[in-house]
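There are 2 protein chains.
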Amino acid sequence: MKSSSRKPVLAVPGRATSYDVARVAKVSQSAVSRCFKPGASVSSKMRARVMKAAEELGYRPNAIARSLITRRSNMVAVVISQQTHRYFPELLDELSRGFSARGIRVLLFTLEKESDIDVVLEQILQYQVDGVVEAARLSGEQVDMLEKRGVPFVFLNRSLRDRPVNAVCCDQAEGARWLVNRLVEAGHRSFGIVSGPADSVVSAERTQGALERLGELGIRQVAVVPGNYSYESGAAGLRLLESKLGRVPEAVICANDVMALGCMDAARHDLRLGVPADLSVVGFDGVGPARWKSYDLTTVQQPVRRMAEAAVSMIVERIEDPTLPPEKRTFSGILTHGSSARLRKP
Amino acid sequence: MKSSSRKPVLAVPGRATSYDVARVAKVSQSAVSRCFKPGASVSSKMRARVMKAAEELGYRPNAIARSLITRRSNMVAVVISQQTHRYFPELLDELSRGFSARGIRVLLFTLEKESDIDVVLEQILQYQVDGVVEAARLSGEQVDMLEKRGVPFVFLNRSLRDRPVNAVCCDQAEGARWLVNRLVEAGHRSFGIVSGPADSVVSAERTQGALERLGELGIRQVAVVPGNYSYESGAAGLRLLESKLGRVPEAVICANDVMALGCMDAARHDLRLGVPADLSVVGFDGVGPARWKSYDLTTVQQPVRRMAEAAVSMIVERIEDPTLPPEKRTFSGILTHGSSARLRKP
DNA sequence: TTGTAGGCGTTATCAA
DNA sequence: TTGATAACGCCTACAA
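This is the structure:
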């Protein structure tokens with residue numbers, strides 16, 4: 001018998017293979033394999049014998065070997081920038097939950113700089129992941145690579161001009177317009193905007209959306225200063241706005257919540273201004289701290305959970321059926337009224 | 347020629363194998379393999395031909411197949427509770443950075459409940475990871491399984507009684523004692539403690555450390571109430587303490603920063619108390635928001651970066667040399683003076 | 001330096 | 001229902 005001659009004892013103690021189990025159970029190796037395959041046809045007697053032997057040896061099917069032959073790794077890559085992850089851990093949590101509920105493992109790639117995406121993409125392709133969730137930007141060529149390889153992927157909160165790709169987004173411009181509407185309607189006439197990092201698509205959409213609507217409403221006193229999504233840059237942003245406008249604007253729109261909180265603190269603690277009495281501050285995201293009593297921020301909350309769930313199911317569907325056409329799902333943000341902005345009662 | 351007969355054309359367009367490359371380059375498959383192995387001996391002519399063909403076909407070595415034969419997946423599992431991750435995304439960031447710098451991929455497992463660890467461990471073993479970072483608790487039997495399989499693992503901020511295991515910790519009790527010392531020295535005599543979830547080892551150590559030192563210093567007015575690490579439970583904790591002691595204590599020690607911030611806000615906004623004038627509040631961790639101007643929390647900061655780096659290098663060393671004996675590395679926390687507690691100037 | 005051949009641990013396809 | 005046998009894509013002696 002081949003199976004008994006090829007391995008007198010366990011090569012590595014505690015790393016039994018299906019051959020070892022077969023030998024102990026005195027059945028064929030393929031029988032062992034079948035016992036570990038959900039809907040296979042095995043007699044209960046066989047199953048019992050095999051399971052007993054497997055138990056004894058501490059056998060576990062080798063997922064790597066399985067992947068090789070099935071051409072399914074049951075792994076999905078999640079690519080996320082450190083920035084995003086740091087300020088928005090909820091996103092990864094929800095993605096991880098969703099995939100794990102469907103029996104899929106997450107191979108995590110965090111990017112320190114967006115430019116790291118090149119080497120990361122290389123890794124992703126080598127590891128034969130079944131799909132990719134991209135919460136980072138990709139160039140056209142990089143998208144080409146994924147498409148050529150037939151790896152399903154979905155963008156999170158970004159997309160590609162002039163190209164049909166899978167994407168789950170929150171309508172940033174819409175949210176920005178809402179904020180502007182409510183602020184103007186409540187009488188604010190001078191505005192400051194603290195944008196996010198230059199390479200952030202989300203920040204650009206939020207900033208542009210706000211500027212556009214302000215223009216439509218004929219608001220002329222508007223200044224934009226750059227931030228980098230950090231608390232500190234929100235605080236610094238307020239001072240920049242002040243010097244740019246010659247005075248503090250009546251309302252400040254920050255491209256994310258964390259900057260808005262920095263801005264509120266700078267107003268209150270450095271400039272001794274009342275928020276919202278002297279200054280209204282609003283943000284985007286709906287992160288945890290925005291709801292804390294010291295801030296109670298007015299913001300456009302992103303439906304993270306639903307977005308993650310959408311991304312997960314879009315990927316899974318396309319793993320099952322790669323011919324599915326690209327789809328873009330856009331969620332509206334949720335305008336959350338806090339007390340950081342002077343607004344009319346809804 | 348076997349190589350040319352086995353695959354007339356690319357099976358899946360864009361998924362070339364080393365055989366495909368070999369055929370196009372008119373060399374053997376093993377030659378292709380060698381060209382992609384760092385320190386192999388290949389003539390530059392050969393390398394050029396192979397690389398050209400590989401480029402044309404978009405060939406990338408299949409990491410799964412490689413893992414199967416080398417018995418090295420170059421993947422490490424990171425197990426972390428959602429709780430920890432949500433409040434401390436920095437930890438995962440630093441781990442991911444460290445591993446990726448060493449050419450190792452992270453397979454992420456987030457736990458909603460600690461009890462999910464069973465199924466997660468099963469996955470980990472099946473996926474043949476080279477090592478495991480455990481930021482979650484493990485039972486003795488679970489540790490047995492890993493050890494029997496010879497998978498190196500390191501605990502983060504937890505350990506196992508009566509067992510030599512790899513661990514990287516921050517000395518929680520020490521930090522707690524420091525806090526108590528400084529508070530008592532500044533004249534505080536009545537204390538409240540808001541603990542973390544019952545199943546958190548870290549919370550237990552912090553709480554115990556504080557209680558012990560308070561006992562040694564002869565402080566009698568001490569109440570402990572349970573929290574769950576959330577902002578809300580910190581706020582609720584203060585009210586619980588008040589009803590338990592009959593009044594608000596002079597100092598509140600929270601088992602993490604986020605609860606401390608909730609506690610500060612409850613004091614200021616609900617009870618109209620001055621912090622630190624009427625009440626001192628301290629926490630543990632050193633998270634970002636603790637440094638925000640609205641809080642400026644006195645806390646014991648964990649050296650996350652160094653801890654993650656230690657965990658990474660301990661794992662990597664043990665992947666290289668599995669015979670290395672277990673090691674425990676304990677870091678001291680960093681007492682960070684904010685203005686949330688009335689303390690003597692250092 | 002290059003090619004041949006044998007495995008790594010599974011699943012899949014057939015006969016039996 | 002069971003058991004041979006051939007892949008999956010690569011690495012690695014060993015021989016040339």
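If you read the sequences in order, they're chains F and R.
Take 1 as the starting number for the first sequence in our numbering and just add one per residue.
Take 347 as the starting number for the second sequence in our numbering and just add one per residue.
The beta-carbon is built from N, C-alpha and C at its ideal position, and this holds for glycine as well.
Here's the rule: buried if 16 or more other CB atoms are within 10 angstroms of the residue's CB, otherwise exposed. What is residue i?
i	result
M347(R)	Only weak support is given to the placement of M347(R): the predicted model assigns it a pLDDT of 33, under 50, and the value that follows is read from those uncertain coordinates. Exposed is the call here.
R418(R)	exposed
S678(R)	exposed
G150(F)	exposed
S30(F)	exposed
R338(R)	Not covered by the structure: residue 338(R). The range shown for chain R is 347 to 692.
P622(R)	buried
P384(R)	exposed
A447(R)	exposed
D545(R)	exposed
E90(F)	buried
R361(R)	buried
A556(R)	buried
V32(F)	buried
G103(F)	exposed
A394(R)	exposed
G215(F)	exposed
Hey, how far is the Cα of residue i from the Cα of residue j?
i	j	result
V287(F)	S28(F)	56 Å
L217(F)	T299(F)	21 Å
L146(F)	S313(F)	19 Å
A569(R)	I599(R)	10 Å
Q474(R)	T207(F)	46 Å
E205(F)	L643(R)	35 Å
G620(R)	R614(R)	6 Å
L92(F)	Q648(R)	23 Å
L586(R)	R306(F)	35 Å
V547(R)	A173(F)	45 Å
W524(R)	L484(R)	29 Å
F191(F)	E250(F)	6 Å
W638(R)	D265(F)	8 Å
V281(F)	A310(F)	31 Å
Q82(F)	F434(R)	13 Å
A482(R)	A308(F)	24 Å
T330(F)	K494(R)	49 Å
K353(R)	Y365(R)	Because the pLDDT of K353(R) is 40, which lies under 50, any placement of that residue in the model is unreliable, and the number read from its coordinates should be weighed accordingly. If I take the Cα positions, the gap works out to 8 Å.
E663(R)	A513(R)	14 Å
Which two residues bound the contiguous beta strand (DSSP E) that contains residue i?
i	result
D631(R)	626-631
G561(R)	Unbroken run through G561(R) is the alpha helix (DSSP H), 547-562; no beta strand (DSSP E).
T645(R)	644-647
V119(F)	Not the beta strand (DSSP E): V119(F) falls in the alpha helix (DSSP H), residues 117-126.
A569(R)	567-572
G583(R)	First-last for G583(R): 577-591, but that is the alpha helix (DSSP H), not the beta strand (DSSP E).
S190(F)	190-195
A167(F)	167-170
L273(F)	Careful: L273(F) lies outside any beta strand (DSSP E) and carries neither H nor E.
Near residue i, which residues of its chain fall below 6 Å by C-beta distance, leaving aside the five closest residues on each side in sequence?
i	result
V78(F)	L95, V106, L108, V133
P407(R)	F382
A11(F)	Because the pLDDT of A11(F) is 49, which lies under 50, any placement of that residue in the model is unreliable, and the question is left without a value.
How is the alpha helix (DSSP H) around residue i delimited, first residue to last?
i	result
Q428(R)	428-433
E480(R)	Taken as a continuous stretch (DSSP letters only), E480(R) belongs to no alpha helix (DSSP H), being part of the beta strand (DSSP E) at 477-481.
T323(F)	From DSSP, T323(F) is part of no alpha helix (DSSP H); its letter is neither H nor E.
A371(R)	364-371
A386(R)	Note, A386(R): premise wrong, no alpha helix (DSSP H); not H, not E.
A409(R)	409-416
Tell me which same chain residues have a C-beta within less than 7 Å of the C-beta of residue i, skipping the five on either side of it?
i	result
M51(F)	C35
I319(F)	D130, G131, P152
V165(F)	V143, F155, S159, P326
Apart from the five residues just before and just after residue i, which ones in its own chain have a Cβ nearer than 8 Å to its Cβ?
i	result
V24(F)	A53, E56, L57
- Task: Determine contact between the stretch 672-688 of chain R and the stretch 463-475 of chain R, defined as no fewer than three beta-carbon pairs at a distance below 8 Å.
- Result: No contact exists between the stretch 672-688 of chain R and the stretch 463-475 of chain R.
- Query: When the Cβ atoms of the stretch 595-612 of chain R are set against those of the stretch 570-584 of chain R, are three or more pairs found closer than 8 Å?
  - Reply: yes
- Item | contact_flag[the stretch 588-602 of chain R, the stretch 487-507 of chain R] where n(CB pairs < 8 Å) is 3 or more | no
- Inter-stretch contact at 8 Å, needing at least 3 Cβ pairs: the stretch 384-395 of chain R / the stretch 406-422 of chain R: no
- Cβ contact check for the stretch 656-674 of chain R and the stretch 623-642 of chain R: 3 or more pairs under 8 Å: no
- Any contact of the stretch 501-515 of chain R with the stretch 457-467 of chain R, i.e. 3+ C-beta pairs under 8 Å? no
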